[in-house]
Amino acid sequence: TSVPGMTARALEERGAIHIPALFPLGVEGTEAWLRAAAQVFHVREQVFQDTIASAFARAEASLRRSRERLAGRSLFFFPDSQLEIPLARYVSEELGMRLIEVGTPYLHRAHLSEDLAKLPSGTLISEGQDVERQLDRCRAEDPDLVVCGLGLANPLEAEGFTTKWSIELLFSPIQGFDQAGDLFGGQERVGRGVGREGWHGNGREKGEGKKLRAHGYPPVAGIVMRLTGRTANTARDRTIAGRTAVMFFWL
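In C-alpha cells, the structure reads:
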C-alpha cells in the first residue's frame, strides 16, 4: 500500500532536496518551474531568458487563443488524480475560468504550497471522497465543465454535463510550454450536451465527444539539459536529463 508522500520522503532521507515550485502547467507554471530549477543550478538570468524565449512566445500565443474561448466558464473538479490543485491554478490564473469546487483525493500542502497560494481567494477545496455530496453540489451549481473520473463521467454526461476524464490528464503530456494552450483541448464553444475536442458530451445533439488527440512529449527534458549545461550526445545524457525533469515535476 502506498503512503502519500512516501517516495518524496524516502528521497529526502537519502539527501534529495525538494525544490518548491509551481507545477509546469501553462505558460506561467512552466516558466516558474524552470526558473526554480535554474536558480538552484545558479543559471544566470540572461541565459535563462534566452533559453526559454522562443518556447515562451509560442506558448503565450497558443494560450491566448484558448483564453478567448474559455475565460469566464465555470469548472468543477471531482477528486481523482491529485493534479486538481495545479490544474485549478492553471485554469483560473491563465485561462480566466471560474472555479466552483476543487476536489482532490489527498492534499499535500507542502508539495502544493506554490499552487495553493495562487488559487483565487475563497476557492472551495474539498479533500477526500464524499461523492454523493459532491454530486449534489455539482448539480446545484450547474458548471459549464466538469473534470472527473470515468465512473462519474458517463452518468454526468447522461444528465447533459460536459466532462473531461481525469485519467486523460495523467496519461497525456500536459506539462511544458508546448502544451500550454491546448492542455484542456480545443473547444470553440462549450455547452451542455455537446461533445467537444478533448471534452465529452452526451452525444445526443451533435455527435459523440471526441477523445483527446495524442501529442508528442513536450521538450521539458531538453530545456533542463540546456539550463544545466548537459548535452544530449549520448543515451546516458538524455536519460539523466529526462529523469531530472520527471523527478523535479513529481517532487
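Just so we're aligned: 1183 in our numbering is position 44 of the sequence shown, and the numbers increase by one with no gaps anywhere.
The beta-carbon is built from N, C-alpha and C at its ideal position, and this holds for glycine as well.
Residue i (DSSP reduced to helix, strand or coil)
i     : result
G1144 : coil
F1216 : strand
E1344 : With a pLDDT of 39 at E1344, under the threshold of 50, the predicted position of this residue should be treated as unreliable, though the coordinate-derived value follows. Residue state, collapsed to three classes: coil.
L1161 : coil
V1182 : coil
G1242 : strand
T1302 : strand
is_contact[residue i, chain B] using C-beta, thresh 8 Å
i     : result
R1212 : Given the protein chain composition of this structure (a single chain), no chain B is represented.
Residue i burial status per 10 Å Cβ neighbour count (16 or more: buried)
i     : result
T1146 : exposed
Q1323 : For the sequence presented, residue 1323 should be read as Phe rather than Gln. Its Cβ being crowded by 16 or more others within 10 Å, F1323 is buried.
L1258 : buried
F1180 : exposed
L1295 : buried
Beta-carbon separation (whole angstroms), residue i vs residue j, contact threshold 8 Å
i     : j     : result
F1217 : P1282 : Incorrect: roughly 11 Å between the Cβ atoms, too far for contact.
A1149 : F1316 : Contact flag wrong, Cβ pair sits at about 31 Å.
F1162 : D1254 : 6 Å
M1305 : D1189 : In the sequence under discussion, the amino acid at residue 1305 is Ser, which differs from the Met named in the question. S1305 to D1189, Cβ: 37 Å. No contact.
E1223 : Y1245 : No, E1223 and Y1245 are not in contact; Cβ-Cβ is about 10 Å, not under 8 Å.
Of the residues the options, the one placed nearest residue i, counting alpha carbons only
i     : options                    : result
G1299 : S1220, L1258, C1277        : C1277
A1177 : T1169, F1187, R1208        : F1187
T1262 : L1274, S1231, E1271, E1207 : S1231
L1274 : F1310, A1292, S1260        : A1292
E1170 : A1256, A1196, V1286        : A1196
Y1229 : S1201, L1164, A1198        : L1164
R1212 : K1257, A1200, G1235, L1202 : G1235
A1160 : L1173, R1153, Q1268, V1166 : L1173
E1280 : S1311, L1238, D1254        : L1238
L1308 : R1248, E1167, A1227, L1202 : A1227
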